[in-house]
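Trainee:
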Amino acid sequence: MTTPPDDFENDPTGMRDLLRSLPDPGPMPQDVADRITAALAEEQQGRSDADRGNVTPLTRTAHPAKGTGGGRRWMQAVGGLVAAAAVAAVAVVGVNSLRHDNAPTSALPPGSTQSSVSGDQLVGRMQVQSTGTDYTPASFNTQAASMATGSASGQPDAGILTEFGSLTKPSALLACARSIGGSLLNDPSSIKVDLATFQGKPAVVIVVTNEGKKTAFAVSSTCSKGDRPYAAPRTI
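The numbering of the sequence shown is full-length UniProt numbering, which starts it at 1 and goes up by one.
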């Protein structure tokens, strides 16, 4: 007999102790033994003559010695082997499952990034102003680009704040921008807002910058989710 490896006694998988703790499965039920016998016999009959000469049949003889009980003992032995194999398979699956469960997991798939930053961070990147510009469809891109690159003129005056109501609050403006810009507001480097007019009507003009790319759009002063924007998002 060969000498077992050094880590044999350690049994890192714990399979040996698991098998020892299981109760004796006992003899194979007779109906199961009969089905196995029938399946083996059918398989043997399906072999060609050449196959039969090269393979030792596993089926019991058609006329076992009377009173010896050899056939039954043979089936009980097979039953024990089948039960042991089933227990071993369950043990292996259990150990592998535990290993996978204990393995560290990454918060995000490889190559992916966090989908968005917090609202407080975005509010900190927002600049709100009131340039007094009356934006038009024909000149919107140029006007929005000028607003985005210009310096903020300070907080809007009291009259503008009254006209736009609660929409002048940073959190409300952020919600407004997200309702139109969607994923553009995940992690922009800057958000510039102009409380202005669009063809004479009060409007909120927003320019979002992502990795140097500027996207502008304009909405009404109510900025309801179902409202159609005055100017749909476009690169400027």
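Backbone N, C-alpha and C fix where the C-beta goes; we use that ideal spot for every residue, glycine too.
Please classify Ser130: is it buried, with 16 or more other beta-carbons within 10 angstroms of its beta-carbon, or exposed?
Mentor: Position 130 of the sequence shown holds residue 130. Classification for Ser130: buried.
Trainee: Rounded to a whole number of angstroms, what is the C-alpha to C-alpha distance between Ser224 and Gly181?
Mentor: In the sequence shown, residue 224 corresponds to position 224, counting from 1. In the sequence shown, residue 181 corresponds to position 181, counting from 1. Distance between the alpha carbons of Ser224 and Gly181: 13 Å.
Trainee: Where does Ile36 sit, in a helix, a strand or coil, going by DSSP?
Mentor: Within the sequence shown, numbered from 1, the residue matching residue 36 stands at position 36. Of the three classes helix, strand and coil, the one that applies to Ile36 here is helix, per DSSP.
Trainee: So the candidates are Gly46, Val208, Thr149, Met147; which of them puts its Cα closest to the Cα of Leu174?
Mentor: By 1-based counting over the sequence shown, the position of residue 174 is 174. Among Gly46, Val208, Thr149, Met147, the Cα nearest to that of Leu174 belongs to Val208.
Trainee: Could you pull the start and end residues of the beta strand (DSSP E) that Val123 belongs to?
Mentor: For the purposes of this step, residue 123 is taken as residue 123 along the sequence shown, with counting starting at 1. That residue, Val123, is in no beta strand (DSSP E); its alpha helix (DSSP H) goes 119–124.
Trainee: Tell me the residue span of the alpha helix (DSSP H) that contains Ala196.
Mentor: Residue numbering aside, residue 196 sits at position 196 when the sequence shown is read from its first letter. Looking at the DSSP string, Ala196 is not in any alpha helix (DSSP H); the run it does join, the beta strand (DSSP E), is 190–198.
Trainee: Among all the DSSP beta bridges, which residues are the ones paired with Gln129?
Mentor: For the purposes of this step, residue 129 is taken as residue 129 along the sequence shown, with counting starting at 1. The partner list for Gln129 (beta bridge, DSSP) reads Asp194.
Trainee: Please say whether Pro137 and Ala203 have beta carbons closer to each other than 9 Å?
Mentor: In the sequence shown, counting from the first residue as 1, residue 203 sits at position 203. In the sequence shown, counting from the first residue as 1, residue 137 sits at position 137. No, the Cβ-Cβ distance between Ala203 and Pro137 is not below 9 Å.
Trainee: So the candidates are Val117, Thr142, Gly159; which of them puts its Cα closest to the Cα of Ser189?
Mentor: Sequence index remark: in the sequence shown, residue 189 carries index 189 (1-based). Measuring from the Cα of Ser189, the nearest candidate turns out to be Val117.
Trainee: Under the three-state reduction of DSSP, which class applies to Pro27: helix, strand or coil?
Mentor: Mapped onto the sequence shown, residue 27 falls at position 27. The answer is coil: DSSP assigns Pro27 none of H, G, I, E or B.
Trainee: Just to check my reading of the structure: Ile206 and Ala196 have Cβ atoms closer than 8 Å, yes? What is that Cβ distance to the nearest angstrom?
Mentor: Taking the first residue of the sequence shown as 1, we reach residue 206 at position 206. Taking the first residue of the sequence shown as 1, we reach residue 196 at position 196. With a Cβ gap of about 11 Å, Ile206 and Ala196 do not count as contacting.
Trainee: How is Arg228 classed by DSSP in three states: helix, strand or coil?
Mentor: Numbered from its first residue, the sequence shown carries residue 228 at position 228. Note: Arg228 maps to coil in three-state DSSP.
Trainee: Would you identify the three-state DSSP class for Ser220, choosing helix, strand or coil?
Mentor: Along the sequence shown, read from residue 1 onward, the residue named residue 220 stands at position 220. Here Ser220 sits in strand by DSSP.
Trainee: Which residue's Cα is closest to the Cα of Lys201: Thr142, Asp34, Met28, Ile160?
Mentor: For the purposes of this step, residue 201 is taken as residue 201 along the sequence shown, with counting starting at 1. Lys201 has its Cα closest to that of Ile160, out of Thr142, Asp34, Met28, Ile160.
Trainee: Measuring straight from C-alpha to C-alpha, what distance separates Asp134 and Asp120?
Mentor: Locating residue 134 in the sequence shown gives position 134, where the first residue counts as 1. Locating residue 120 in the sequence shown gives position 120, where the first residue counts as 1. Straight-line Cα distance between these residues: approximately 30 Å.
Trainee: Any idea if Thr168 is buried or exposed, counting beta-carbon neighbours within 10 angstroms, 16 or more meaning buried?
Mentor: Numbered from its first residue, the sequence shown carries residue 168 at position 168. When all chains shown are included, Thr168 counts as buried.
Trainee: Please classify Ala138: does DSSP put it in a helix, a strand, or coil?
Mentor: The residue you call residue 138 lines up with position 138 of the sequence shown. It is coil, neither helix nor strand.
Trainee: Reducing DSSP to helix, strand and coil, say where Thr209 ends up.
Mentor: On the sequence shown, residue 209 is found 209 positions in, with the first residue counted as 1. Of the three classes helix, strand and coil, the one that applies to Thr209 here is strand, per DSSP.
Trainee: If you draw a straight line from the C-alpha of Ala145 to the C-alpha of Lys214, how long is it?
Mentor: One-based indexing of the sequence shown puts residue 145 at position 145. One-based indexing of the sequence shown puts residue 214 at position 214. Cα to Cα, Ala145 sits roughly 8 Å from Lys214.
Trainee: Taking the continuous alpha helix (DSSP H) assigned at Ile180, which residues delimit it?
Mentor: If you number the sequence shown from 1, residue 180 lands on position 180. That run of the alpha helix (DSSP H) goes 170–181.
Trainee: Within the continuous alpha helix (DSSP H) that includes Leu19, where are the two ends?
Mentor: One-based indexing of the sequence shown puts residue 19 at position 19. 15–21 is the span of the alpha helix (DSSP H), which, as asked, contains Leu19.
Trainee: Quick check: what's the CA-CA separation for Met15 versus Gly46?
Mentor: Residue 15 sits at position 15 when you count from the first residue of the sequence shown. Residue 46 sits at position 46 when you count from the first residue of the sequence shown. Whole-angstrom Cα-Cα distance: 39 Å.
Trainee: Among Gln199, Met28, Glu163, Pro229, which residue has its Cα nearest to the Cα of Asn178?
Mentor: Along the sequence shown, read from residue 1 onward, the residue named residue 178 stands at position 178. One point to set straight first is that residue 178 is Arg, not Asn, in the sequence displayed. Arg178 has its Cα closest to that of Pro229, out of Gln199, Met28, Glu163, Pro229.
Trainee: Ordered along the chain, which non-local residues of its own chain (more than five positions away) have a Cβ less than 6 Å from that of Arg125?
Mentor: The residue you call residue 125 lines up with position 125 of the sequence shown. Counting only Cβ-Cβ distances below 6 Å, and skipping sequence neighbours, we find Ser190, Ile191.
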